[in-house]
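The numbers in the working numbering rise by one with no breaks, and the one at position 21 of the sequence shown is 775. We put the CB at the ideal spot given by N, CA and C, even for glycine. Model, not experiment: these values are computed from the prediction. First the structure, in the form of structure tokens, and then the observations on it.
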Amino acid sequence: VDNLKELESYADMITHCSKQIYGKITTENGRKEVLSTLVSTSDPGDPVSNTTLLMAEVMLESIKGDCPLNDFGNSALHKAASSDNLPMFKLIAKNSENLSPRNNIGNTPLHNAAREGHYEICKFIIENVQDLNPISRFDQTPLHLAEKQGHKKICELLKSANSKKENETPMNPGKRTKL
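Shown next, in the form of structure tokens:
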């Protein structure tokens, strides 16, 4: 009986995923649409999530995670940063050359994660990029967006990371100077 339930669950996952990608994998734009759908519908708490991650991994073999997926210039990284799905974000980051691609208004994935209040994604990005204060076309940094939305933990994280970076010496990155 347990095996039957597992098989039914697996069949449901396949059906769910295939409905989302039916007929879209034939062109590059189709692959971008599929990847965009997989990223925006993926939920880490959903049992379908592992299958969705596997499907996204296949899509990322032909599309870099930092390339634009839509007319607004948002990449899969932007979408994953907005969706609060750290496993998906890490998968896409692994398949990206740049963790700070800019969309049409100059926002990076860090802008999106900070604006949406996604602490773990902000933390991952901060640990893996150099520029913690990218400025958008509207002169806003991720810290501005987090403050505007009232995400105090994100503000503290960004301020702390910026402070640590400012105290590094050019000769010894990672070493702090004594004040």
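1. For the alpha helix (DSSP H) holding Phe826, just list the boundary residues, first then last.
2. Ile859 and Ser890: beta carbons closer than 8 Å?
3. What does a CB cutoff of less than 7 Å around Ala834 pick up in its chain, not counting 5 residues either side in sequence?
4. Which of the three DSSP states, helix, strand or coil, is assigned to Pro888?
5. Hey, quick one: how far does the alpha helix (DSSP H) through Ser850 stretch, first residue to last?
6. Apply the 10 Å Cβ neighbour rule to Asn839 and answer buried if 16 or more other Cβ atoms are within range, or exposed otherwise.
7. Tell me the rounded alpha-carbon separation between Asp893 and Thr862.
8. Is it right to say Phe826 is buried, meaning 16 or more other beta carbons lie within 10 angstroms of its own, or is it exposed?
9. Excluding the 5 residues preceding and the 5 following Leu911 in the sequence, name in chain order all residues of the same chain whose CB lies nearer than 8 Å to its CB.
10. Can you grab the Cα-Cα spacing for the pair Ser917 / Leu886, in whole Å?
11. Could you pull out every residue in the same chain whose Cβ sits closer than 6 Å to the Cβ of Ala867, ignoring the five residues on either side in sequence?
12. How far does the alpha helix (DSSP H) with Cys909 in it extend, from its first residue to its last?
13. Quick check on Asn857: buried or exposed, where buried means 16 or more other Cβ atoms within 10 Å of its Cβ?
14. Nearest to Gly871 by alpha carbon, out of His832, Lys907, Pro888?
15. Compute the Euclidean distance between the alpha carbons of His865 and Leu897, then round it to the nearest angstrom.
With the given structure in hand:
1. Position 72 of the sequence shown, counted from the first residue, corresponds to residue 826. Counting along the chain, no alpha helix (DSSP H) covers Phe826, and no H or E run does either.
2. Here residue 859 refers to the residue found at position 105 of the sequence shown. Here residue 890 refers to the residue found at position 136 of the sequence shown. Taking 8 Å as the cut-off, the beta carbon of Ile859 is found closer than this to the beta carbon of Ser890.
3. As a first step, residue 834 is located in the sequence shown; it is residue number 80 there, counting from the start. Taken in chain order, the residues that qualify are Val793, Met842, Phe843, Ile846.
4. On the sequence shown, residue 888 is found 134 positions in, with the first residue counted as 1. Pro888: coil per DSSP, three-state reduction.
5. Position 96 of the sequence shown holds residue 850. Run containing Ser850: none; DSSP gives neither H nor E here.
6. Indexing the sequence shown from 1 puts residue 839 at position 85. It is buried - the Cβ of Asn839 has at least 16 other Cβ atoms within 10 Å.
7. Translated into positions along the sequence shown, residue 893 becomes position 139. Translated into positions along the sequence shown, residue 862 becomes position 108. Each residue's alpha carbon lies about 13 Å from the other.
8. Residue numbering aside, residue 826 sits at position 72 when the sequence shown is read from its first letter. Exposed.
9. The count along the sequence shown starts at 1 and reaches residue 911 at position 157. Counting only Cβ-Cβ distances below 8 Å, and skipping sequence neighbours, we find Tyr873, Cys876, Lys877, Ile880.
10. Numbered from 1 along the sequence shown, position 163 holds the residue referred to as residue 917. Numbered from 1 along the sequence shown, position 132 holds the residue referred to as residue 886. C-alpha separation (whole angstroms): 10 Å.
11. In the sequence shown, the residue the question calls residue 867 occupies position 113. Within the same chain, Ala867 has close Cβ partners Ala835, Ile875, Cys876.
12. Here residue 909 refers to the residue found at position 155 when the sequence shown is read from its first residue. 906-920 is the extent of the alpha helix (DSSP H) around Cys909.
13. The residue given as residue 857 occupies position 103 in the sequence shown. Asn857 should be labelled buried.
14. Here residue 871 is taken as the residue at index 117 of the sequence shown, counted from 1. Comparing C-alpha distances from Gly871 to each of His832, Lys907, Pro888 shows the shortest one belongs to Lys907.
15. Sequence index remark: in the sequence shown, residue 865 carries index 111 (1-based). Sequence index remark: in the sequence shown, residue 897 carries index 143 (1-based). Taking the straight line joining both Cα atoms gives about 8 Å.
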